[in-house]
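Colleague:
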Amino acid sequence: MKLKFWKHRISTLRKELKFLFIIAIGSVLIIDLWLSNVPEWFPFGAELGALYYKICLAYITGLIFYFINVHLESERSKVKTFKYIHNKVAKIRKLCDTLIQSLRDAYPVPEGTDFKSITEEITFLCNNINPQLPFKFGGWYDMKFDHWFAAIDFIEKENKELTRDLLFVRESIKSDILVILTDIDDNISSAINLRHGQPSGNTDLNTYSYGMTVYQKLCDKLKDSLRDQYKYYQIEYNDSFGNKKETEQENE
21 MKLKFWKHRI
31 STLRKELKFL
41 FIIAIGSVLI
51 IDLWLSNVPE
61 WFPFGAELGA
71 LYYKICLAYI
81 TGLIFYFINV
91 HLESERSKVK
101 TFKYIHNKVA
111 KIRKLCDTLI
121 QSLRDAYPVP
131 EGTDFKSITE
141 EITFLCNNIN
151 PQLPFKFGGW
161 YDMKFDHWFA
171 AIDFIEKENK
181 ELTRDLLFVR
191 ESIKSDILVI
201 LTDIDDNISS
211 AINLRHGQPS
221 GNTDLNTYSY
231 GMTVYQKLCD
241 KLKDSLRDQY
251 KYYQIEYNDS
261 FGNKKETEQE
271 NE
């Protein structure tokens, strides 16, 4: 394993574990090199020192065992499952991107109209789209629905299935990513797919504009979090498995 990957393995250990490890190492060195030859300063000082010495040694041994047998294995698992996690997250983001583009296709914005933000654009589109009319969910899905409510119900089911797939490798997913995935699922269910596929009497999507804005922001946050927190796993994955694939192709 390359030095930069070893550095990342160590850096991903919890800070308090590393802090206590440094204290334990320092304590053992001080006791062995200095305090062992100093008379005890108070009654039972030697006994307490010996006990503390044993605790430090036990902690050092325990952390080394944890690092080798648990932490390193967990980090290797994150590297091996990176591509799987990346692809599933990309599909979750694609669902959102396809929904936004489908809204644009459903109501072409007049020429010369400029929006200061994606939030403003989504609000404008929602105010001008009749959810009772047939709705086409484009992209690679290219599906037509009798109305918008059926389309968003399909999106929720797709998102749940992709999230469920990710939970098969839950041990390799960072807690921050899990929180965002939960927020996305909750937002779709409680703020967008309110009717669970059943049409209502709405003549526009104003009621759902805020939920779709939050959905879009959460997906952007998911993309950024995956990029930032899995940067080294991606580098190691490409370094390890990319070279392996190239070698296999050369051998063929």
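The opening position of the sequence shown corresponds to residue 21 in this note's numbering, with each subsequent residue numbered one higher.
Glycine included, each C-beta is placed from N, C-alpha and C at the ideal position.
This structure is a prediction, so every number in the text was calculated from the model and none was measured.
How close, in whole Å, do the beta carbons of Asn-213 and Leu-238 come, if the pair is a contact with beta carbons under 8 angstroms?
Modeller: On the sequence shown, residue 213 is found 193 positions in, with the first residue counted as 1. On the sequence shown, residue 238 is found 218 positions in, with the first residue counted as 1. Contact doesn't hold; Cβ gap of about 15 angstroms is too wide.
Colleague: Taking all protein chains shown into account, do 16 or more other C-beta atoms lie within 10 angstroms of the C-beta of Ser-220, making it buried, or fewer, making it exposed?
Modeller: Position 200 of the sequence shown holds residue 220. Exposed is the call here.
Colleague: Using a Cβ distance threshold of 8 angstroms, determine whether the region 192 to 210 contacts the region 141 to 161, with at least three qualifying pairs required.
Modeller: Flag = no, the region 192 to 210 and the region 141 to 161 do not touch.
Colleague: So does the region 114 to 122 actually touch the region 159 to 177, counting three or more Cβ pairs closer than 8 angstroms?
Modeller: In short, these stretches touch, since the Cβ pair count reaches three.
Colleague: Report the partner residues of Lys-111 according to the DSSP bridge assignment.
Modeller: As a first step, residue 111 is located in the sequence shown; it is residue number 91 there, counting from the start. Note: Lys-111 sits in no beta bridge, so no partner.
Colleague: Looking at C-alpha atoms only, which residue of Gly-69, Thr-101, Ile-42 and Phe-41 is the closest neighbour of Trp-54?
Modeller: Position 34 of the sequence shown holds residue 54. Measuring from the Cα of Trp-54, the nearest candidate turns out to be Gly-69.
Colleague: According to DSSP, which residues form a beta bridge with Phe-155?
Modeller: The count along the sequence shown starts at 1 and reaches residue 155 at position 135. Per DSSP, Phe-165.
Colleague: Secondary structure at Leu-49, three-state DSSP: helix, strand or coil?
Modeller: Position 29 of the sequence shown, counted from the start, is the residue given in the question as residue 49. Of the three classes helix, strand and coil, the one that applies to Leu-49 here is helix, per DSSP.
Colleague: Here's the rule: buried if 16 or more other CB atoms are within 10 angstroms of the residue's CB, otherwise exposed. What is Val-199?
Modeller: Taking the sequence shown and counting its residues from 1, the one referred to as residue 199 is at position 179. Answer is exposed; the Cβ neighbour count stays below 16.
Colleague: Write down the C-beta distance between Ile-51 and Tyr-73 rounded to the nearest angstrom, noting that I regard them as a contact closer than 8 angstroms.
Modeller: To locate residue 51, count along the sequence shown from 1; it is residue 31. To locate residue 73, count along the sequence shown from 1; it is residue 53. Right, the Cβ-Cβ distance comes to about 5 angstroms (below 8 angstroms), so this counts as a contact.
Colleague: Have a look at Ser-229, Lys-241 and Ile-142 and flag the residue whose alpha-carbon is nearest the alpha-carbon of Thr-202.
Modeller: As a first step, residue 202 must be located in the sequence shown, where it is residue number 182. For Thr-202, the nearest C-alpha among the options comes from Lys-241.
Colleague: To the nearest angstrom, how far is the alpha carbon of Ala-44 from that of Leu-83?
Modeller: Counting from one through the sequence shown, the residue named residue 44 turns up at place 24. Counting from one through the sequence shown, the residue named residue 83 turns up at place 63. Whole-angstrom Cα-Cα distance: 11 angstroms.
Colleague: Does the region 165 to 181 come close enough to the region 101 to 115 to have 3 or more Cβ pairs within less than 8 angstroms?
Modeller: The region 165 to 181, when compared against the region 101 to 115, does touch it at the 8 angstroms Cβ threshold.
Colleague: State the Cα-Cα distance for the pair Ser-47 and Glu-95, rounded to the nearest angstrom.
Modeller: Numbered from its first residue, the sequence shown carries residue 47 at position 27. Numbered from its first residue, the sequence shown carries residue 95 at position 75. Between Ser-47 and Glu-95, the C-alpha separation is close to 29 angstroms.
Colleague: With DSSP collapsed to three states, give me the class of His-216.
Modeller: Here residue 216 refers to the residue found at position 196 of the sequence shown. Here His-216 sits in coil by DSSP.
Colleague: Among the residues of its own chain, which have a CB less than 8 angstroms from the CB of Asp-125, if the five just before and after it don't count?
Modeller: One-based indexing of the sequence shown puts residue 125 at position 105. Only Lys-156 and Gly-158 meet the Cβ criterion.
Colleague: Between the beta-carbon of Phe-19 and the beta-carbon of Glu-256, is there less than 8 angstroms?
Modeller: Residue numbering for the chain in the displayed model covers 21 to 272; residue 19 lies beyond these limits and cannot be assessed.
Colleague: Using the Cα positions of Ala-66 and Cys-76, report the straight-line distance between them to the nearest angstrom.
Modeller: Along the sequence shown, one-based indexing puts residue 66 at 46. Along the sequence shown, one-based indexing puts residue 76 at 56. So the alpha carbons of these two residues sit roughly 15 angstroms apart.
Colleague: Straight-line CA distance for Asp-196 to Thr-227?
Modeller: Locating residue 196 in the sequence shown gives position 176, counting from the first residue. Locating residue 227 in the sequence shown gives position 207, counting from the first residue. Rounded to whole angstroms, Asp-196 to Thr-227 spans 29 angstroms at the Cα level.
Colleague: With 16 other CB atoms within 10 Å as the buried threshold, where does Val-99 fall?
Modeller: Counting from 1 along the sequence shown, the entry for residue 99 is found at position 79. Buried, by the Cβ-count rule.
Colleague: Beta-carbon within less than 7 angstroms of Lys-136's beta-carbon, same chain only, minus the 5 sequence neighbours each way: which residues are those?
Modeller: On the sequence shown, position 116 is the one that residue 136 refers to. The answer is none, since no qualifying residue turns up.
Colleague: Can you give me the start and stop residues for the alpha helix (DSSP H) that Gly-231 sits inside?
Modeller: Along the sequence shown, read from residue 1 onward, the residue named residue 231 stands at position 211. Taken as a continuous stretch (DSSP letters only), the alpha helix (DSSP H) holding Gly-231 covers 226 to 249.
Colleague: Can you name, in chain order, every residue of its own chain whose Cβ lies under 7 angstroms from the Cβ of Gly-262, other than the five neighbours on each side?
Modeller: One-based indexing of the sequence shown puts residue 262 at position 242. Closer than 7 angstroms at the Cβ level, and outside the excluded window around Gly-262, lies no residue.
Colleague: Going by beta carbon distance, what residues of the same chain come within less than 6 angstroms of Ile-186, once the five residues before and after it are set aside?
Modeller: Translated into the one-based positions of the sequence shown, residue 186 becomes position 166. It is worth fixing the name first, because residue 186 is Leu in this sequence and not Ile. Excluding sequence neighbours, Leu-186 sits near Lys-108.
Colleague: The alpha helix (DSSP H) with Lys-136 in it runs from where to where?
Modeller: As a first step, residue 136 is located in the sequence shown; it is residue number 116 there, counting from the start. Careful: Lys-136 lies outside any alpha helix (DSSP H) and carries neither H nor E.
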